[in-house]
Structures are given as C-alpha cells and as structure tokens.
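Take a look at the structure set out below.
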Amino acid sequence: MNEAVDQLLRFGPLVMLAVTAAWLALATRRTSASIGSRAYGFGQSARQRLARLLFAGSVVGAVLALVAYATGATTPFLNPMTGEASIVRLAGLFLAMSGQALTLFAQDDMGRRWRVGVPEVAPDALVTTGLFGLSRNPVFLGMLAMAAGLAVAVPAPAMIACAGVFWIACEIQVRDEERFLQRSFGPAYLAYRSAVRRWI
C-alpha cells in the first residue's frame with residue numbers, strides 16, 4: 002500500500018468528521034446569536050428523543066471508531082475488514098468529501114433559518130432556493146453521503162453500524178420536520194413538497 006494513501010485513509014476520515022461537526026456547531030451558535038434564541042433543540046416527544054439519541058450515538062461512535070483506527074487499535078470491530086487501499090475505499094473517501102461539501106453549502110443556504118431538531122417556533126420563512134430547490138433535505142442528504150462514504154473508506158463493522166444508525170435517525174427526523182413545516186407554513190409547504198423531492 003502506498004504510504005501516502007494509507008495515511009490519507011487513516012487520518013482523513015477523522016479530520017473530515019471533526020471539521021464538519023465543528024462547522025455545524027459554530028453555525029448553530031452563530032444562528033442562535035442572530036435570532037436571539039436557541040437554534041438547537043429537539044422536541045420532547047418520544048420520536049424526537051429517539052432521534053437525538055440515535056444521532057448522538059452514531060456520531061460519537063464514528064468518532065471513537067475513527068480515533069481507534071487512526072491510532073492503530075487492533076480490535077476487529079473497530080478495524081477495516083480490508084486493509085488494502087483499494088479503489089473502492091478511495092471512492093468512499095471521495096463520496097464522503099462530496100457529502101461534506103453538500104452539507105456545508107446547504108447549511109449556508111439556510112442562513113439564519115438554520116435549525117437543529119424541531120424548534121418550538123418556526124423560522125420566519127421557508128427555504129426553497131439554492132440547493133433546497135433541488136432537494137428538500139440537502140443537509141441530511143449530504144450527511145448521509147458522508148456517513149456512507151466514511152463507512153466505505155473505513156469499512157470497519159463499527160463504522161458500518163454507525164452509518165446505519167445515522168440513516169435511521171435521519172429518516173425519523175425528516176418526517177418529524179415535514180409535519181412541523183406543514184403545520185407552520187401550510188399551503189406554501191405543500192406546494193414546495195409537491196415540486197421538490199424529499200431526497201433527490
């Protein structure tokens with residue numbers, strides 16, 4: 002295995018995930034300051050508590066698995082099932098990078114209407130332009146591409162499990178957000194939903 006490629010596959014996924022998490026955390030803080038209230042807040046329903054738990058568990062689990070891989074841990078559950086820097090693993094890393102870019106650009110498209118979870122009060126407008134004119138959930142779409150790409154780049158059982166858990170969390174959250182947006186924006190959201198696909 003080429004040493005440079007090995008190092009890229011060993012450390013790149015961890016750096017990518019850390020940068021994305023830090024960016025979104027800072028964006029949430031900036032939005033909270035801009036709107037004068039918390040931009041972060043999952044609801045208190047059982048579904049929202051489950052979504053929050055699954056999101057947190059999948060992200061923390063992925064970080065721990067990537068740290069273990071980067072530091073040379075030998076636990077089978079945390080190590081890639083193939084150590085070869087194959088084209089497939091590199092393609093996974095490229096998919097993850099593409100997903101990261103989509104996530105960050107889509108979040109930027111939301112501006113001060115960025116929220117994490119289902120808020121108590123709806124944003125002042127429905128975002129339907131930019132990447133949101135192509136997909137109703139480009140942030141989640143980017144995150145899912147990133148999760149899938151990381152699981153291919155570092156095909157450890159732990160990473161594959163985390164990607165699966167993250168997908169379940171996204172499915173729960175997207176449907177909760179759809180109901181919230183329909184209540185909040187009524188006909189405007191229904192028209193948007195009929196014109197733009199949920200994913201792609």
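Per our numbering: the sequence shown = residues 2 to 201.
Glycine included, each C-beta is placed from N, C-alpha and C at the ideal position.
Next on the checklist: Which residues does DSSP list as the beta-bridge partners of Val117?
Outcome noted: For this step, residue 117 is matched to residue 116 along the sequence shown. In DSSP, Val117 forms a bridge with Tyr41.
Checklist entry - For Gly150 versus Gly100, is the C-beta spacing smaller than 7 Å? => result Position 149 of the sequence shown, counted from the start, is the residue given in the question as residue 150. Position 99 of the sequence shown, counted from the start, is the residue given in the question as residue 100. Taking 7 Å as the Cβ cut-off, Gly150 and Gly100 qualify as a contacting pair.
Checklist entry - Mind pulling the alpha helix (DSSP H) runs of 4 or more residues that sit fully within the segment 114 to 166? => result 139 to 154
Next on the checklist: Out of Ala66, Thr72 and Phe181, which one is the CA nearest neighbour of Leu79?
Outcome noted: Residue mapping note: residue 79 aligns to position 78 of the sequence shown, counting from 1. The option with the nearest alpha carbon to Leu79 is Ala66.
Next on the checklist: I believe Asp110 touches Val128 by the beta-carbon criterion, under 8 Å. Please report the beta-carbon distance rounded to the nearest angstrom.
Outcome noted: On the sequence shown, residue 110 is found 109 positions in, with the first residue counted as 1. On the sequence shown, residue 128 is found 127 positions in, with the first residue counted as 1. Indeed, because the Cβ distance is near 7 Å, the residues count as touching under 8 Å.
Checklist entry - Does the beta-carbon of Leu18 have 16 or more other beta-carbons within 10 angstroms, so that it is buried, or is it exposed? => result Residue numbering aside, residue 18 sits at position 17 when the sequence shown is read from its first letter. Buried is the call here.
Checklist entry - Would you report the Cα separation of Thr75 and Asp7, rounded to the nearest angstrom? => result Residue mapping note: residue 75 aligns to position 74 of the sequence shown, counting from 1. Residue mapping note: residue 7 aligns to position 6 of the sequence shown, counting from 1. Distance between the alpha carbons of Thr75 and Asp7: 16 Å.
Checklist entry - For Thr32, which residues of its own chain have a beta-carbon under 7 Å away from its beta-carbon, when the five flanking residues on both sides are left out? => result On the sequence shown, residue 32 is found 31 positions in, with the first residue counted as 1. Only Ala40, Arg113 and Trp115 meet the Cβ criterion.
Item to check | Gly58 (DSSP reduced to helix, strand or coil) | outcome: For the purposes of this step, residue 58 is taken as residue 57 along the sequence shown, with counting starting at 1. Looking at Gly58 - three-state DSSP - the assignment turns out to be helix.
Checklist entry - Which word fits Gln174, buried or exposed, when buried means at least 16 other C-beta atoms lie within 10 angstroms of its C-beta? => result Translated into positions along the sequence shown, residue 174 becomes position 173. So Gln174 counts as buried.
Next on the checklist: Does Met82 come out as helix, strand or coil in the three-state DSSP assignment?
Outcome noted: Residue 82 sits at position 81 when you count from the first residue of the sequence shown. Coil at Met82, not helix or strand.
Item to check | Cβ contact (3+ pairs, closer than 8 Å) linking the segment 50 to 64 and the segment 178 to 186 | outcome: no
Checklist entry - Which residues in the same chain as Val155 place their Cβ atom closer than 6 Å to its Cβ, once the five residues preceding and following it in sequence are excluded? => result Here residue 155 corresponds to residue number 154 of the sequence shown, with the count starting at 1. Answer for Val155: Pro14, Tyr70 and Pro81, listed in chain order.
Next on the checklist: Buried or exposed, going by whether 16 or more other CB atoms sit within 10 Å of the CB of Thr83?
Outcome noted: As a position in the sequence shown, residue 83 is number 82, starting the count at 1. Answer is exposed; the Cβ neighbour count stays below 16.
Checklist entry - Residue range of the alpha helix (DSSP H) that Val16 falls in? => result On the sequence shown, residue 16 is found 15 positions in, with the first residue counted as 1. Val16 -> alpha helix (DSSP H) spans Glu4 to Ile36.
Item to check | Through-space distance from Phe95 to Val89, alpha-carbon basis | outcome: Reading the sequence shown from its first residue, position 88 is the one you call residue 89. Reading the sequence shown from its first residue, position 94 is the one you call residue 95. When rounded, the distance between both Cα atoms is 10 Å.
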